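In what follows, a single structure is set out as structure tokens and then discussed.
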Amino acid sequence: MSMASALWDWYAALGYDALNALLPYAALQEAVLTALAPAPGERLFIAGCGTGNLEARALGRVDGLEIDALDFSATMLARARAKCAGYPSARHHRGDLCQRLPFADAAFDAAVMCNVLYALPDRQAALAEISRLVRPGGRFTLCDRQPVSDPEQVTRAHFTMLRALPGRERLRGWGRTLGALPPLLAVAAINRRIQRRMESGAYYFYPIEEITSLLDTLGFTVTRVEPAYAEQCWLLQARRRAEER
Ligand SMILES: C[S@@+](CC[C@H](N)C(=O)[O-])C[C@H]1O[C@@H](n2cnc3c(N)ncnc32)[C@H](O)[C@@H]1O
């Protein structure tokens, strides 16, 4: 596990959280949370939680959520645990999404996986495992990279969104952008490495038709698809059918 997670450990250490200064990343987290639509008291599974940005956002807004979040990078997890320290109902686990996970069948009302699927060596096994974990009628929110993308588009979208902010907020946004510049350069370098892994076939960016059909075979009905992250991703909502356990 440690070899495979090395890139992600580096990503966390070099500045993954600098992404929070990028307005398209903040908008993506917001869009994922809106799609997930957690209700008070629900139990959620966050697959590949990274530094915990989504669970921190959800816990701050919705009462009584039970969250199990899992990642294989110890460095990402350390940040996620620190971010959610005030919430005992958030549990962070270290594990590999391509293996059987330590949760009962149908244990969760909803699951979410954001920008993780492309990096998994056994994507089908990971999705089948999520299908096992989501209760009949439960939801799955999945976001991943478009097969053809232009990472520069995120930077362009950031500055367009920044210019559109009202006065004080725009000033704060510029301050955050300048403060995050050194780690964002490291983020850009790691993103180039991810792109090279895609070109070499180690990572795979699903076309939307292919992922929709795969989810269907795994017992999910896709109910909505929209572009996200400055059009670099697709964001999909699905519902677990009851009949195929
Ligand atoms: C691009 S980050 C996304 C993090 C978070 N979902 C977000 O949107 O900010 C990808 C995450 O997937 C995790 N990951 C990649 N392969 C994994 C695997 N086989 N098992 C568990 N986690 C994995 C990485 O450690 C990393 O935290």
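At position 81 of the sequence shown the residue is numbered 85 (the numbering used here), and the sequence of numbers has no breaks.
Positions of the beta carbon are idealized from the N, C-alpha and C atoms, including for glycine.
Computed from a predicted structure; not experimentally measured.
Given 7 Å as the limit, tell me if Ala206 has its C-beta closer than that to any heavy atom belonging to ligand 1.
Ala206: no, Cβ never under 7 Å from ligand 1.
How far does the beta strand (DSSP E) with Ala94 in it extend, from its first residue to its last?
Its beta strand (DSSP E) spans residues Ala94 to Arg98.
Can you tell me which residues form a DSSP beta bridge with Ile71?
In DSSP, Ile71 forms a bridge with Leu48 and Ala94.
Helix, strand or coil at Asp21 according to DSSP, with G and I counted as helix:
Asp21 falls in the helix class under three-state DSSP.
Taking DSSP's pairing of strands, which residues face Ala115 in a bridge?
Among the bridge pairs identified by DSSP, Ala115 is matched with Phe49 and Phe144.
Write down every uninterrupted run of the alpha helix (DSSP H) in the stretch 146-217 whose length is 4 residues or greater and which is fully enclosed by it, in chain order.
Those alpha helix (DSSP H) runs which fall completely within the stretch 146-217 and span 4+ residues are 156-167, 171-183 and 185-203.
Distance cut-off 7 Å: Ser93 Cβ against heavy atoms of ligand 1:
Not one heavy atom of ligand 1 is found less than 7 Å from the C-beta of Ser93.
Please classify Thr225: is it buried, with 16 or more other beta-carbons within 10 angstroms of its beta-carbon, or exposed?
Counting the other CB atoms within 10 Å of its CB gives Thr225 a total below 16, which places it among the exposed residues.
Okay, do the stretch 70-81 and the stretch 36-52 touch, 3+ Cβ pairs below 8 Å being the bar?
Enough Cβ pairs lie closer than 8 Å, so yes.
Taking Cβ positions, are Ala22 and Val191 nearer each other than 8 Å?
Closer than 8 Å, so yes.
With a threshold of 16 other CB atoms inside 10 Å of the CB of Glu59, please say whether the residue is buried or exposed.
The residue in question, Glu59, is buried, as its Cβ has 16 or more Cβ neighbours within 10 Å.
Hey, would you say Cys88 sits closer than 8 Å to Cys147, going by beta carbons?
Cβ atoms of Cys88 and Cys147: not closer than 8 Å.
Could you give the DSSP three-state label for Thr38: helix, strand or coil?
Thr38: helix per DSSP, three-state reduction.
In terms of residue numbering, what span does the beta strand (DSSP E) encompassing Glu235 cover?
Neither: Glu235 is in no beta strand (DSSP E) and is coded neither H nor E.
Between Gly19 and ligand 1, is the CB less than 7 Å from at least one heavy atom?
Not so, every heavy atom of ligand 1 lies at least 7 Å from the Cβ.
Gly56: which of Arg172, Pro28, His96 and Ala31 sits nearest, CA to CA?
Nearest C-alpha to Gly56 among Arg172, Pro28, His96 and Ala31: His96.
Does any heavy atom of ligand 1 sit closer than 7 Å to the C-beta of Met202?
No.
Mind checking whether Pro211 and Pro155 have CB atoms under 8 Å apart?
Their beta carbons are not under 8 Å apart, which means Pro211 does not touch Pro155 by this criterion.
In the structure shown, what three-state DSSP assignment does Pro231 receive?
Pro231 falls in the strand class under three-state DSSP.
Report yes if the C-beta distance between Arg65 and Gly141 is below 8 Å; otherwise report no.
Contact: no.
Exposed or buried, what is Asp113 when buried is set at 16 or more other beta-carbons lying within 10 Å of its beta-carbon?
With 16 or more other Cβ atoms within 10 Å, it is buried.
Met5 versus Pro170: straight-line alpha-carbon distance, rounded:
Per-residue confidence for Met5 stands at a pLDDT of 47, beneath the threshold of 50, marking its modelled position as unreliable; no derived number is given.
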